[in-house]
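Peer 1: In full-length UniProt numbering, the protein residues as written are 1 to 515.
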Amino acid sequence: MALESSERTPLLSESNGAQTAVPIGASSLSDIEEIDGLPDPNVIWWDQDEDPEHPYNWPRWLSMSTCFLISAMTFLTALASSIIAPAVPQLMAEFDNGNLQVAAFVVSVYILGFAAGPLIIAPLSEIYGRVPIYHVCNVGFTIFAAACSLSPNIQTLIIFRFFNGLFGSCPATIGGGSITDMIPQERRAAVVAAYTVGALFAPILGPMAGGIIAEKFGWRWDFWLLAISGAVFSIFMMFVLKETYHPVILEQKVHRLRKITGNQLLRSKLDIGLSRRAYFLRSIVRPLKMLTLSPIVIITSLFIAVTYGYMYLLFTSFTEVFQRYYGFTTSNVGLCFLGLGLGSFLGVAIFSATSDKMIKRKAAQENAETDVIGSQKKGTIKPEYRLPPLPFAVLCLPVGLLIYGWTAEWRLHWIVPIIGTVFIGLGQLLLFMVLQMYLIDSFTIYAASAVAAITAVRSISGGLLPLFGLTIYDKFGVGWGNTLLAVVCLPLVLVSFLLIRYGETLREKFQVKNL
1 MALESSERTP LLSESNGAQT AVPIGASSLS DIEEIDGLPD PNVIWWDQDE
51 DPEHPYNWPR WLSMSTCFLI SAMTFLTALA SSIIAPAVPQ LMAEFDNGNL
101 QVAAFVVSVY ILGFAAGPLI IAPLSEIYGR VPIYHVCNVG FTIFAAACSL
151 SPNIQTLIIF RFFNGLFGSC PATIGGGSIT DMIPQERRAA VVAAYTVGAL
201 FAPILGPMAG GIIAEKFGWR WDFWLLAISG AVFSIFMMFV LKETYHPVIL
251 EQKVHRLRKI TGNQLLRSKL DIGLSRRAYF LRSIVRPLKM LTLSPIVIIT
301 SLFIAVTYGY MYLLFTSFTE VFQRYYGFTT SNVGLCFLGL GLGSFLGVAI
351 FSATSDKMIK RKAAQENAET DVIGSQKKGT IKPEYRLPPL PFAVLCLPVG
401 LLIYGWTAEW RLHWIVPIIG TVFIGLGQLL LFMVLQMYLI DSFTIYAASA
451 VAAITAVRSI SGGLLPLFGL TIYDKFGVGW GNTLLAVVCL PLVLVSFLLI
501 RYGETLREKF QVKNL
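1. Quick test of your reading: L426 and T307, contact by CB under 8 Å. State the CB separation rounded to the nearest angstrom.
2. Can you list, in chain order, the residues of its chain whose CB lies under 7 Å from that of R51, leaving out five sequence neighbours each side?
3. Name the DSSP beta bridge partners of residue 517, please?
4. Counting pairs of beta carbons, one from the stretch 213-223 and one from the stretch 343-352, are three or more of them closer than 8 Å?
5. V22: buried (16+ other C-beta within 10 angstroms of its C-beta) or exposed?
6. Would you kindly check if the distance between the Cβ of I121 and the Cβ of C67 is under 7 Å?
7. In the structure shown, what three-state DSSP assignment does N263 receive?
8. Answer yes or no: do L270 and L250 have a C-beta to C-beta separation smaller than 7 Å?
9. Going by the CB atoms, is the gap between L76 and V240 shorter than 7 Å?
10. How long is the line joining the alpha carbons of N514 and S275, rounded to whole angstroms?
11. List the whole-angstrom C-beta distance separating L506 from P287, where the pair is believed to meet the contact cut-off of C-beta under 8 Å.
12. Determine the closest residue to R60 out of S125, Q101, M182, L157, with distance taken between C-alpha atoms.
13. By how many angstroms is the C-alpha of A452 removed from the C-alpha of E508?
14. Alpha helix (DSSP H) containing T483: first to last residue?
15. For a test of the three-state rule: what should DSSP assign to Y310, helix, strand or coil?
16. Taking the Cβ atom as the reference point for each residue, do V197 and V434 lie within a distance shorter than 7 Å?
17. Considering only the beta carbon of each residue, do V493 and L395 sit closer than 7 Å?
18. Verify whether the separation of the beta carbon atoms of V512 and M238 is less than 7 Å.
19. Starting from S331 and walking both ways along the alpha helix (DSSP H), at which residues does that stretch end?
20. For L426, which three-state DSSP category applies?
21. Please name the residue, chosen from A172, N42, F236, that lies closest to L62 on a Cα-to-Cα basis.
22. Let's test the definition: count the other Cβ atoms within 10 Å of the Cβ of V415 and tell me whether it reaches 16, buried, or not, exposed.
23. Please classify T330 as buried or exposed, where buried requires at least 16 other C-beta atoms within 10 Å of its C-beta.
24. Considering only their Cβ atoms, is the gap separating A115 from A456 smaller than 7 Å?
25. Report the rounded CA-to-CA distance for E126 versus L439, giving the unit in angstroms.
26. Between which two residues does the alpha helix (DSSP H) holding A393 run?
27. Is T444 near the ligand ZN, judged by its Cβ being under 6 Å from some heavy atom?
28. How do the stretch 307-326 and the stretch 464-477 stand: do at least 3 beta-carbon pairs fall below 8 Å, yes or no?
29. On the premise that N138 lies in contact with S234, defined as a C-beta separation below 8 Å, what is that separation, rounded to the nearest angstrom?
30. Kindly confirm or deny that the stretch 171-190 and the stretch 347-365 touch, where touching means at least three C-beta pairs closer than 8 Å.
31. Starting from the C-beta of A231, find all residues in its chain whose C-beta is less than 6 Å away, skip the five residues before and the five after it, and write them out in chain order.
32. Just mark A93 as buried or exposed, buried being the case when its beta carbon has 16 or more other beta carbons within 10 Å.
33. Classify K259: buried if its beta carbon has 16 or more other beta carbons within 10 angstroms, exposed otherwise.
34. Can you round the beta-carbon distance between A363 and D222 to whole angstroms, since I take them to be within the 8 Å contact cut?
35. Consult DSSP for P59 and reduce its assignment to one of helix, strand or coil.
36. Spell out whether any CB of chain C is found under 7 Å from the CB atom of V139.
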């Protein structure tokens, strides 16, 4: 029987808001329960460091295929956010509606669904596990994608698209948590980079594919592509996915052992003694607590909200800018997103090649100076080791916005503003990956809630900023409009240096209690 062992060596030291080494799956050293100095025999934990039930010890093919399918579904749901953008004039003409705000809302309402979904999906995944939530949301995404393609008017399309986004937010919300469950910290960056490509690269490819499909087959086939692809991935995930969330796996183990032994006092070490209802309420509040009480979550959300809002402002404005200034067709407008795509690819390449090596090097340098730093044990990797690329990533945004805005305003060759968007794509993807990895490494067992918090904020920004951004372009032009957006980015460069310098202090001093 898998009982607590006082001599077990932790598999890996990770951070959960405090720099203290803890066993995998435990949120703090207080999770090690003892009675009169001896381990409680009723507390269930992993059998050993190499316990095959622990997701870290799964066969490589299983963990990698799981990561691939989650990343593929993340890619598809992110693709859905922008695939319709080049076809909006076509569908607005079909529905005889010329309102520019409504046209922008057709694109951005999906992102508002993305904002609502995480607040429900994250807590449910921490009660019932990741797998059932994936399955329900995958089916919901597929159904509402098909419903969008069958919409008889603009009102029903907007409603269906909201729910399409709500269910589609699942892999973006808990995918990072699933990766944290399966992949050790020192090997996590490359996997998170591949996963993040789905969240940020797909919205760039969406308009390219959507424009070509809409021009040849009509806008409804953009949604049919999503529905068919969603059905295929859903079926594969039903056969391959296995539960990854440590507390749920241990709880399942407890139920098995209770049946075998008849001992109803057995409990998981990670069981905090709450009913499902009480735990659900706590889990719903958890992302909000992080978003209001944790400075690192607040700062991270600010960065990502600005970046995501700008990205969707570009998505909704590209069609207007390149058709008006350069006379592009619907399918050609989709190709204008190649600049963002190339920049995003460069961001992925830089992050994948450097992040894991960088944190290992920084850990080695610090441990060479002293074996013990405060309460930190030798070998611990600080989340702040992920942050050095952040200032460069932030600086790329205003540079790209200025190049894109003024070269389009001056009607220079169309390739020049697209080159400007390369810098934007590089900056936004590198920034997103650095900060998401920072939160995942900081909150470990509650990574899904941390990601849910920033997903909600970024989605609200991505849903609302395009509505106001188009007004800015109409009033100031694309040159001065992008200059205004660039000026907003500049203070974030200073904030990024401050986060590198004081991030650890903020994380340790302002820990969120009772998560």
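Ideal Cβ placement from N, Cα and C applies to all residues, glycine included.
Peer 2: By the coordinates alone:
1. The residue given as residue 426 occupies position 426 in the sequence shown. The residue given as residue 307 occupies position 307 in the sequence shown. No, L426 and T307 are not in contact; Cβ-Cβ is about 12 Å, not under 8 Å.
2. Stepping through the sequence shown from its first residue, residue 51 is reached at position 51. It is Asp, not Arg, that sits at residue 51 in the sequence shown. Excluding positions up to five away in sequence, the list reads N57.
3. Any answer about residue 517 is impossible in this case: the structure gives the chain only from 1 up to 515.
4. no
5. Start at 1 with the first residue of the sequence shown, and residue 22 comes out as number 22. Bear in mind that the predicted position of V22 carries a pLDDT of just 36, short of 50, making it unreliable; the figure below should be weighed with that in mind. Burial call: buried.
6. One-based indexing of the sequence shown puts residue 67 at position 67. One-based indexing of the sequence shown puts residue 121 at position 121. Not closer than 7 Å, so no.
7. Here residue 263 refers to the residue found at position 263 of the sequence shown. Here N263 sits in coil by DSSP.
8. Numbered from its first residue, the sequence shown carries residue 270 at position 270. Numbered from its first residue, the sequence shown carries residue 250 at position 250. Cβ distance < 7 Å, so L270 and L250 count as in contact.
9. As a first step, residue 240 is located in the sequence shown; it is residue number 240 there, counting from the start. As a first step, residue 76 is located in the sequence shown; it is residue number 76 there, counting from the start. No, the pair does not count as a contact, with Cβ atoms beyond the cut-off.
10. For the purposes of this step, residue 514 is identified with residue 514 of the sequence shown, where counting begins at 1. For the purposes of this step, residue 275 is identified with residue 275 of the sequence shown, where counting begins at 1. If you take the alpha carbons of N514 and S275, they lie about 15 Å apart.
11. One-based indexing of the sequence shown puts residue 506 at position 506. One-based indexing of the sequence shown puts residue 287 at position 287. Not confirmed; about 18 Å, so no contact.
12. Counting from one through the sequence shown, the residue named residue 60 turns up at place 60. Nearest of S125, Q101, M182, L157 to R60, Cα basis: M182.
13. Within the sequence shown, numbered from 1, the residue matching residue 508 stands at position 508. Within the sequence shown, numbered from 1, the residue matching residue 452 stands at position 452. Roughly 21 Å separates the two Cα atoms.
14. The count along the sequence shown starts at 1 and reaches residue 483 at position 483. 447-509 is the extent of the alpha helix (DSSP H) around T483.
15. On the sequence shown, residue 310 is found 310 positions in, with the first residue counted as 1. Here Y310 sits in helix by DSSP.
16. The residue labelled residue 197 in the question sits at position 197 within the sequence shown. The residue labelled residue 434 in the question sits at position 434 within the sequence shown. Contact flag unset, no.
17. Locating residue 493 in the sequence shown gives position 493, counting from the first residue. Locating residue 395 in the sequence shown gives position 395, counting from the first residue. Result yes, Cβ atoms of V493 and L395 sit closer than 7 Å.
18. Along the sequence shown, read from residue 1 onward, the residue named residue 512 stands at position 512. Along the sequence shown, read from residue 1 onward, the residue named residue 238 stands at position 238. No.
19. Stepping through the sequence shown from its first residue, residue 331 is reached at position 331. Here the alpha helix (DSSP H) through S331 covers 330-335.
20. By 1-based counting over the sequence shown, the position of residue 426 is 426. Note: L426 maps to helix in three-state DSSP.
21. Locating residue 62 in the sequence shown gives position 62, counting from the first residue. With distances taken between Cα atoms, L62 lies closest to F236.
22. Within the sequence shown, residue 415 is the residue found at index 415, counting from 1. Note that residue 415 is Ile in the sequence shown, not Val. Classification of I415: exposed, given that the 10 Å Cβ count is below 16.
23. Residue mapping note: residue 330 aligns to position 330 of the sequence shown, counting from 1. Label assigned to T330: buried.
24. In the sequence shown, the residue the question calls residue 456 occupies position 456. In the sequence shown, the residue the question calls residue 115 occupies position 115. Yes, Cβ-Cβ distance for A456 and A115 is below 7 Å.
25. Numbered from 1 along the sequence shown, position 126 holds the residue referred to as residue 126. Numbered from 1 along the sequence shown, position 439 holds the residue referred to as residue 439. Their backbone Cα atoms lie some 17 Å apart in a straight line.
26. For the purposes of this step, residue 393 is taken as the residue at position 393 of the sequence shown. Per DSSP, A393 belongs to the alpha helix (DSSP H) from 390-409.
27. Inclusion of the ligand ZN in the displayed structure is not the case, the ligand content being empty and no account of it being possible.
28. yes
29. Your numbering for residue 234 matches position 234 in the sequence shown. Your numbering for residue 138 matches position 138 in the sequence shown. Right, their Cβ atoms sit about 4 Å apart.
30. yes
31. On the sequence shown, residue 231 is found 231 positions in, with the first residue counted as 1. Once the five neighbours on either side are set aside, the close Cβ partners of A231 are T142.
32. Taking the sequence shown and counting its residues from 1, one reaches residue 93 at position 93. By the neighbour-count rule (16 or more Cβ atoms within 10 Å), A93 is not buried but exposed.
33. The sequence position of residue 259 within the sequence shown is 259, counting from 1. Exposed, since its Cβ has fewer than 16 Cβ neighbours within 10 Å.
34. As a working mapping, residue 363 is identified with position 363 in the sequence shown. As a working mapping, residue 222 is identified with position 222 in the sequence shown. Not really, about 46 Å apart at Cβ, beyond 8 Å.
35. What you label residue 59 is simply residue 59 of the sequence shown in a count that begins at 1. Correct three-state label for P59: coil.
36. In the displayed structure, chain C is absent; only one protein chain is listed.
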